[in-house]
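Step one of this worksheet: look at the structure below.
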Amino acid sequence: MGTSHTPQRDEAWEGVVEDKSRGMLDGANMYHFVVVRRTDGESMRIRVERRLWKAVAVGDRLVKAAGSDPVKG
622 MGTSHTPQRD EAWEGVVEDK SRGMLDGANM YHFVVVRRTD GESMRIRVER
672 RLWKAVAVGD RLVKAAGSDP VKG
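Numbered per our numbering, the sequence shown spans residues 622 to 694.
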């Protein structure tokens with residue numbers, strides 16, 4: 622799997638959460654990540670807001686519609 626990224630506004634995908642992690646990559650700010658297995662079979666690690674990170678668990682479905690942030694679906 623490649624590096625993590627923040628979902629772009631024009632992206633659209635859906636998938637299942639495979640893993641959650643967080644870390645202080647710059648030594649000062651906490652970053653929250655989830656690994657999502659998309660419906661096309663590709664896995665990606667994305668940065669999400671703390672609120673969403675706390676709301677999802679492994680096995681939950683995430684949906685990212687174009688023009689919006691990822692949401693629990």
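Even for Gly, the Cβ is constructed at its ideal location relative to N, Cα and C.
Under a 10 Å Cβ-count criterion, residue 683 is classified as buried, with 16 or more other Cβ atoms of the shown protein chains found around its own Cβ.
The beta carbon of residue 631 is closer than 6 Å to those of 687 in its chain, skipping five residues each way along the sequence. With fewer than 16 other Cβ atoms from the protein chains shown falling within 10 Å of its own Cβ, residue 692 counts as exposed. When secondary structure is reduced to three states using DSSP, residue 630 falls in the coil class, being assigned neither helix nor strand. Excluding sequence positions up to five before and after residue 634, its CB lies within less than 7 Å of the CB of 659 and 685, all in the same chain and listed in chain order. Looking at the DSSP output, residue 664 shares a beta bridge with 658.
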